[in-house]
Amino acid sequence: GNLYESISCMLEYDVEDIRAAAAYALGSIAVGNMKVFLPKILEALRSSEKMKYYFLVTLREVILRYSSSDVDTNFAPYMDEILPLLLQSSNNKEENVRVIIAECLGKIASFNDSSSAAVISEIVTLTKLDSEASRWTAVTSVRHTLNTKSTAVTALVEKNLASFLNLVKDDALSVRRAALLTLNSIVHHHPGILSNRIDETLPLLYKEMAVNDALKRVVDLGPFKHKVDDGLPLRKAAFTCMGT
Numbered sequence: 010g011n012l013y014e015s016i017s018c019m020l021e022y023d024v025e026d027i028r029a030a031a032a033y034a035l036g037s038i039a040v041g042n043m044k045v046f047l048p049k050i051l052e053a054l055r056s057s058e059k060m061k062y063y064f065l066v067t068l069r070e071v072i073l074r075y076s077s078s079d080v081d082t083n084f085a086p087y088m089d090e091i092l093p094l095l096l097q098s099s100n101n102k103e104e105n106v107r108v109i110i111a112e113c114l115g116k117i118a119s120f121n122d123s124s125s126a127a128v129i130s131e132i133v134t135l136t137k138l139d140s141e142a143s144r145w146t147a148v149t150s151v152r153h154t155l156n157t158k159s160t161a162v163t164a165l166v167e168k169n170l171a172s173f174l175n176l177v178k179d180d181a182l183s184v185r186r187a188a189l190l191t192l193n194s195i196v197h198h199h200p201g202i203l204s205n206r207i208d209e210t211l212p213l214l215y216k217e218m219a220v221n222d223a224l225k226r227v228v229d230l231g232p233f234k235h236k237v238d239d240g241l242p243l244r245k246a247a248f249t250c251m252g253t
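For the sequence shown, this note's numbering assigns the number 10 to the initial residue and increments by one for each residue that follows.
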C-alpha cells in the first residue's frame, strides 16, 4: 500500500520526466503483484479524469510487459476489468489519451489467446459508432495489433478488413488520415492481407491523393489572409501508403 501511495503521488509531480518515470515504475511493479496493484490502478483510472493519461501510461506498461516475453503468465483473468474501461475511454476528447488507449487495445488484441477474437470484434464495433473519436481509436489500434507473429491474429484482422478500409471513406478527416496510416502499416507488416483486395483499395487511395478544393479554406488573420489546405495531411498519408 505504501509503495503504491509513494509512487502514485509522483504522478502529480510538476516535472514531466518524473511523472513519466513514476508511471513506468508503477506499471512495472504492478506486473509483479497484479492482485494488489491492478485494482488500485483501475480504480484511479475510473475516478480521476485529471490523472487519466498517466494511469493509462501505467496500464500500458503492464500490457506491454505481458505482450513481451518477460512475463509467462496468463492475462485473461484481468481482461474483463481492463477491456471495458479501455472501450469506454475510446471517445476521450484528448488525442494523447486516445493514442495510449489505441495502443493498449491493439496490444491486447494481439495476445494470441482465446480473447483475441473478442477484442477485435469490440474494435470493429467501435468503427461503427457515431463518435469520431471512437472510430479514430479503433482504426489506430489496428496498427498495434499488426506487430505480431501470430497468424491467427493476422487472420482476424484480415477477416475484418472491410470495416477498417471503410474508414478511409469516413466523413471525418482525422479518421480518414488514421485509416490511411493504418493501411500503410498493414502494407508494410503484412502485405499478404491486402493482396486479395488491391482492386478495392487502390481507388480509395487514388481519391485521397488528389487535391480536394473543398478542403481549402482562408483564415483571416486581420492584416493578411492565410490559405489553409486541410487535405494536405491526407494526401501525405495517401502518398506514403502508395510508396510503401
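Quick reminder that beta carbons are idealized off the backbone N, C-alpha and C, glycines included.
When burial is assigned at 16 or more other CB atoms within 10 Å of the CB, is residue i buried or exposed?
i: His153; result: buried
i: Ser143; result: buried
i: Ala171; result: exposed
i: Phe3; result: The chain is shown only over 10 to 253; residue 3 falls outside these bounds and no answer can be derived.
i: Ala118; result: buried
i: Glu104; result: exposed
i: Glu14; result: exposed
i: Gly253; result: Reading off the sequence, residue 253 comes out as Thr, not Gly. Thr253 is exposed by the Cβ-count criterion.
i: Gly201; result: exposed
i: Ser194; result: buried
i: Lys116; result: buried
i: Glu21; result: exposed
Apart from the five residues on each side of it in sequence, which residues of its chain come closer than 6 angstroms, Cβ to Cβ, to residue i?
i: Tyr33; result: Glu70
i: Leu190; result: Ala246
i: Val45; result: none
i: Asp238; result: Lys225
i: Val227; result: Lys234 and Lys236
i: Thr67; result: Ala32, Leu35, Gly36 and Ile50
i: Phe173; result: Val148 and Val151
Taking 8 angstroms as the limit between beta carbons, can you name the residues of its chain near residue i, skipping five residues before and five after?
i: Arg74; result: Gly36, Ser37, Val40 and Val80
i: Ala53; result: Ser17, Met60 and Phe64
i: Ser123; result: Ala85
If you compare alpha carbons, which of the options is closest to residue i?
i: Ala147; options: Ala161, Asn121, Ser183 and Thr157; result: Ser183
i: Leu135; options: Arg107, Lys236 and Asn205; result: Arg107
i: Asp222; options: Asn101, Leu241 and Pro212; result: Leu241
i: Pro212; options: Pro200, Ala181, His199 and Asn175; result: Asn175
i: Lys158; options: Asn42, Asp26, Ser77 and Asp179; result: Ser77
i: Ser57; options: Ser98, Leu243 and Glu90; result: Ser98
i: Met251; options: Ala164, Thr210, Ser125 and Tyr62; result: Thr210
i: Leu243; options: Met88, Asp180, Arg206 and Asp229; result: Asp180
i: Ser125; options: Val220, Tyr62 and Ala161; result: Ala161
i: Lys102; options: Ile72, Ala164 and Trp145; result: Trp145
i: Ala138; options: Leu12, Glu167, Leu96 and Glu112; result: Here the sequence assigns Leu to residue 138, which means Ala is not the residue at that position. Considering only alpha carbons, the answer is Leu96.
i: Tyr87; options: Pro48, Ala111 and Lys116; result: Pro48
i: Lys254; options: Val177, Asn205 and Val166; result: For the chain, the structure presents residues 10 to 253; residue 254 sits outside this window and is missing.
i: Ala111; options: Asp89, Ser204 and Ile72; result: Ile72
i: Glu25; options: Asn11, Tyr62, Leu12 and Asn42; result: Tyr62
i: Val128; options: Leu155, Leu92 and Ile109; result: Leu92
i: Glu167; options: Met19, Ala187, Arg55 and His198; result: His198
Using a Cβ-Cβ cutoff of less than 7 angstroms, which residues in the same chain neighbour residue i once the five nearest sequence positions on both sides are dropped?
i: Phe84; result: Tyr75 and Phe120
i: Phe248; result: Met218
i: Asn100; result: Ser140, Ala142 and Ser143
i: Val133; result: Asn169 and Ser172
i: Leu214; result: Ala247, Cys250 and Met251
According to DSSP, simplified to helix, strand and coil, what is residue i?
i: Asp239; result: coil
i: Arg226; result: strand
i: Lys59; result: coil
i: Lys137; result: coil
i: Asn158; result: Checking the sequence, you will find Lys at residue 158 rather than Asn. Reduced to three states, the DSSP call for Lys158 is coil.
- Query: In chain order, which continuous runs of the alpha helix (DSSP H) of length 4 or greater are located wholly inside the region 67-110?
  - Reply: DSSP runs (the alpha helix (DSSP H)) wholly in the region 67-110: 85-97.
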